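Chemist: Numbering (my numbering), first residue to last: 798 to 1270.
Note that beta-carbon positions come from the ideal geometry of N, C-alpha and C, so glycine has one too.
All values derive from a computational prediction rather than experimental measurement.
Submitted below is the structure of interest, expressed as structure tokens.
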Ligand code: NAD
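Structure follows, in structure tokens:
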């Protein structure tokens, strides 16, 4: 199969999944409709000067799906194919995702129709800054109203341009750095944000594979150790997910990128592939791997866990019957469309849904936003105190038992946390907690799958929040 299945309408799929879950909710239909609808979408066209001095008109969007919590929150993607429906769908997913991990935001999403791979840095910077100016004009960016983050085709660099532009346009703001998350650490970002989504994916998969009963139902043994994994898209999410799954004992047997795939039955060294890509511009030809011409063929190879981490609509009615993995772990947003999902379900494949699985990014974005509005990093006030308090306990235990720790072990035992320690612990706690909330609902209400459970949990939480606030006026 060589054609790109990336063609369906993600909004229809998200809304179809919403309806599958809505039947399990006791909230009135009108309220459910309010939860479902994308509340605001702004379409804009603006001029950007090209490197040769000519002018190009760029089309862009920002969708704010739900105001039940403020600010709204969601990434900005740079992709030539981005559409209004797509950003509305992705904004809806953000609302549900935030509800599942209890991050107090409504969902949003932005899209700019440019191809980050084929534009100069200068053009990307001018387009990013102009996009922020357009959002600012409509009060669609700011620490209290709408807070973007990285998504497909954007990263720390773009977030730095965004914060700089926003600060210049709003010089009297007290918390300007909280206008966007996913910033570089040196620009008030938070440790662990870059890898947060991938780390959350790895934690979520580890949690799902930890259930002996669930694994037995799909013919697998419990645990991540030795599982054969395929990752589609070695970007910000896919790279860290692959690296951390490998660290946890999984074997990465194939990786797909936009220009083809690589495979090795004995396992691919993810870091080595990343170095090879930095040197050559492609993952193809990495040492010890065989090349697969079409990235879509990679999805159909034999493995235990397939991790689509690139774009939406990658598994459809077209290729779902040929997927061999008993687990599909949705690291990307909407990688399986509704028809593909129904086929995977019929075939007994366990789908770990995007709503839950890739919520690590927004979780750590929440921590970054908190750091920015508090103007202090989370460990600053507590780390030294914890070190002193633990030292007292260890000394008392040594005195009572006569045992003595070596200097190295003593320092390890008493050392206060750094920012990264707190972020990683809180992320792991959030994802684990969310998984069990979704899993328990799935089992206790005998729902058809984890996705319905995830949507139901999210819908009920958002509806409850509308209900307690009342409807204005
Ligand atoms: P990214 O741009 O860093 O990476 C995407 C990768 O996919 C790129 O390396 C790209 O070359 C590759 N790719 C494109 N088309 C492909 C194809 N047909 N086959 C294989 N690879 C292909 O983007 P990202 O931030 O890693 O986002 C990936 C997905 O995860 C998106 O769906 C995004 O919405 C979702 N997501 C991202 C975050 C985040 O924090 N970045 C959070 C939640 C969800």
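1. Considering residue 1230, what are the terminal residues of the alpha helix (DSSP H) in which it resides?
2. Kindly indicate the opening and closing residues of the beta strand (DSSP E) around residue 891.
3. As a quick exercise: from 1260, 1018, 851, pick the residue whose alpha carbon is nearest that of residue 1009.
4. Check the DSSP bridge columns for residue 870 and list the partner residues they point to.
5. Within the present structure, is the beta-carbon of residue 948 separated from the nearest heavy atom of ligand 1 by less than 7 angstroms?
6. Determine the closest residue to residue 1163 out of 941, 929, 919, with distance taken between C-alpha atoms.
7. Alpha carbon to alpha carbon, what distance is there between residue 1015 and residue 1261?
8. Bridge partners for residue 841 per DSSP, in chain order?
9. Determine the closest residue to residue 926 out of 956, 902, 917, with distance taken between C-alpha atoms.
10. Are residue 1102 and residue 1129 closer than 8 angstroms when you measure CB to CB?
11. Using 10 angstroms around the beta-carbon of residue 825, count the other beta-carbons present and answer buried if the total reaches 16, otherwise exposed.
12. Counting C-beta neighbours from all protein chains within 10 Å, is the total for residue 1151 16 or more, i.e. buried, or is it exposed?
13. According to DSSP, is residue 1086 part of a helix, a strand, or is it coil?
14. With distances taken Cα to Cα, identify the nearest neighbour of residue 1161 among 1208, 1220, 1200.
15. Drop a sphere of 10 angstroms on the beta-carbon of residue 1264, count the other beta-carbons inside from all chains shown, and report buried for 16 or more, exposed for fewer.
16. Please work out which residues of its chain come closer than 8 angstroms, Cβ to Cβ, to residue 830, disregarding the five sequence neighbours upstream and downstream, and give them in chain order.
17. What residues in its chain sit with their C-beta under 8 angstroms from that of residue 1061, if we drop five residues either side in the sequence?
18. If we count the other Cβ atoms within 10 Å of its Cβ and call it buried at 16 or more, is residue 916 buried or exposed?
19. Beta-carbon within less than 7 angstroms of residue 1211's beta-carbon, same chain only, minus the 5 sequence neighbours each way: which residues are those?
20. Can the beta-carbon of residue 910 be found closer than 8 angstroms to that of residue 944?
21. Any heavy atom of ligand 1 closer than 7 angstroms to the beta-carbon of residue 884?
22. Taking the beta carbon of residue 1233 as the centre, do at least 16 other beta carbons fall within 10 Å, making it buried, or is it exposed?
23. In whole angstroms, give me the CA-to-CA distance for residue 993 and residue 1153.
24. Could you have a look at residue 1080 and say whether DSSP puts it in helix, strand or coil?
25. Assuming residue 1107 and residue 1035 make a contact with CB atoms under 8 angstroms, what is their CB distance in whole Å?
26. Nearest-angstrom Cα distance between residue 802 and residue 1134?
27. How long is the line joining the alpha carbons of residue 1272 and residue 1110, rounded to whole angstroms?
28. If you compare alpha carbons, which of 1104, 1124, 1127, 1138 is closest to residue 1115?
29. Starting from residue 828 and walking both ways along the alpha helix (DSSP H), at which residues does that stretch end?
30. In this structure, does DSSP put residue 970 in helix, strand or coil?
31. Check whether the Cβ atoms of residue 1117 and residue 1231 sit closer than 8 angstroms, and answer yes or no.
32. Could you tell me whether any Cβ in chain C is nearer than 8 angstroms to the Cβ of residue 829?
33. Could you tell me if the beta carbon of residue 1118 falls within a distance shorter than 7 angstroms of some heavy atom in ligand 1?
34. Exposed or buried, what is residue 852 when buried is set at 16 or more other beta-carbons lying within 10 Å of its beta-carbon?
35. Given 8 angstroms as the limit, is there contact between the region 961-973 and the region 889-909, that is, 3 or more CB pairs closer than that?
36. So is the beta-carbon of residue 1108 under 7 angstroms away from any non-hydrogen atom of ligand 1?
Modeler: The relevant details are as follows:
1. Within the chain shown, residue 1230 is the residue found at index 433, counting from 1. 1216-1241 is the extent of the alpha helix (DSSP H) around residue 1230.
2. Taking the first residue of the chain shown as 1, we reach residue 891 at position 94. Following the DSSP letters along the chain, one finds residue 891 in no beta strand (DSSP E) but inside the alpha helix (DSSP H) bounded by residues 881-897.
3. Within the chain shown, the letter at position 212 stands for residue 1009. Out of 1260, 1018, 851, 1018 has the C-alpha closest to the C-alpha of residue 1009.
4. Along the chain shown, read from residue 1 onward, the residue named residue 870 stands at position 73. Paired residues: 904, 944.
5. For the purposes of this step, residue 948 is taken as residue 151 along the chain shown, with counting starting at 1. Residue 948 Cβ: within cutoff of ligand 1.
6. The count along the chain shown starts at 1 and reaches residue 1163 at position 366. Ranking 941, 929, 919 by Cα distance to residue 1163 puts 941 first.
7. What you label residue 1261 is simply residue 464 of the chain shown in a count that begins at 1. What you label residue 1015 is simply residue 218 of the chain shown in a count that begins at 1. Those two C-alpha atoms are separated by around 35 angstroms.
8. Taking the first residue of the chain shown as 1, we reach residue 841 at position 44. DSSP lists 857 as partners of residue 841.
9. Stepping through the chain shown from its first residue, residue 926 is reached at position 129. Looking at the Cα atoms, 956 is the closest of the given residues.
10. Walking along the chain shown from the start, residue 1102 turns up at place 305. Walking along the chain shown from the start, residue 1129 turns up at place 332. Not a contact, by the Cβ cut-off of 8 angstroms.
11. Translated into positions along the chain shown, residue 825 becomes position 28. Exposed.
12. Start at 1 with the first residue of the chain shown, and residue 1151 comes out as number 354. Within 10 angstroms of the beta-carbon of residue 1151 lie 16 or more other beta-carbons, which makes it buried.
13. Numbered from its first residue, the chain shown carries residue 1086 at position 289. Coil.
14. In the chain shown, counting from the first residue as 1, residue 1161 sits at position 364. If we check each option's Cα against that of residue 1161, 1220 comes out closest.
15. On the chain shown, residue 1264 is found 467 positions in, with the first residue counted as 1. Residue 1264 is classed as exposed because its beta carbon has fewer than 16 other beta carbons within 10 Å across all chains shown.
16. Counting from 1 along the chain shown, the entry for residue 830 is found at position 33. There are no such residues.
17. Your numbering for residue 1061 matches position 264 in the chain shown. Counting only residues of its own chain and dropping the five nearest sequence neighbours on each side, residue 1061 has a CB closer than 8 angstroms to the CB of 1050, 1051, 1085, 1086, 1087.
18. Counting from 1 along the chain shown, the entry for residue 916 is found at position 119. Looking at its Cβ environment, which holds 16 or more other Cβ atoms inside 10 Å, residue 916 is buried.
19. What you label residue 1211 is simply residue 414 of the chain shown in a count that begins at 1. Within the same chain, residue 1211 has close Cβ partners 1184, 1187, 1188, 1191.
20. Here residue 910 refers to the residue found at position 113 when the chain shown is read from its first residue. Here residue 944 refers to the residue found at position 147 when the chain shown is read from its first residue. No, the Cβ-Cβ distance between residue 910 and residue 944 is not below 8 angstroms.
21. Position 87 of the chain shown, counted from the first residue, corresponds to residue 884. Not so, every heavy atom of ligand 1 lies at least 7 angstroms from the Cβ.
22. For the purposes of this step, residue 1233 is taken as the residue at position 436 of the chain shown. Within 10 angstroms of the beta-carbon of residue 1233 lie fewer than 16 other beta-carbons, which makes it exposed.
23. In the chain shown, residue 993 corresponds to position 196, counting from 1. In the chain shown, residue 1153 corresponds to position 356, counting from 1. For residue 993 and residue 1153, the distance between alpha carbons rounds to 13 angstroms.
24. For the purposes of this step, residue 1080 is identified with residue 283 of the chain shown, where counting begins at 1. For residue 1080, the secondary structure class from DSSP, reduced to helix, strand or coil, is coil.
25. Against the chain shown, residue 1107 aligns to sequence position 310. Against the chain shown, residue 1035 aligns to sequence position 238. About 7 angstroms; that satisfies the 8 angstroms criterion.
26. The sequence position of residue 802 within the chain shown is 5, counting from 1. The sequence position of residue 1134 within the chain shown is 337, counting from 1. Confidence at residue 802 is low in this model, with a pLDDT of 46, below 50, so the placement of that residue should be treated as unreliable; the coordinate-derived value is given next. Each residue's Cα considered, the two are about 10 angstroms apart.
27. The requested residue 1272 is not part of the displayed model; the chain covers only 798 to 1270.
28. Along the chain shown, one-based indexing puts residue 1115 at 318. Cα-wise, what sits closest to residue 1115 is 1138.
29. Residue 828 sits at position 31 when you count from the first residue of the chain shown. Per DSSP, residue 828 belongs to the alpha helix (DSSP H) from 826-833.
30. The residue you call residue 970 lines up with position 173 of the chain shown. Correct three-state label for residue 970: coil.
31. Working through the chain shown from its first residue, we reach residue 1117 at position 320. Working through the chain shown from its first residue, we reach residue 1231 at position 434. Not closer than 8 angstroms, so no.
32. Looking at the structure shown, chain C is missing, and only one protein chain is on hand.
33. Here residue 1118 is taken as the residue at index 321 of the chain shown, counted from 1. No.
34. Within the chain shown, residue 852 is the residue found at index 55, counting from 1. Classification for residue 852: exposed.
35. no
36. As a position in the chain shown, residue 1108 is number 311, starting the count at 1. At least one heavy atom of ligand 1 is nearer than 7 angstroms to the Cβ of residue 1108, so yes.
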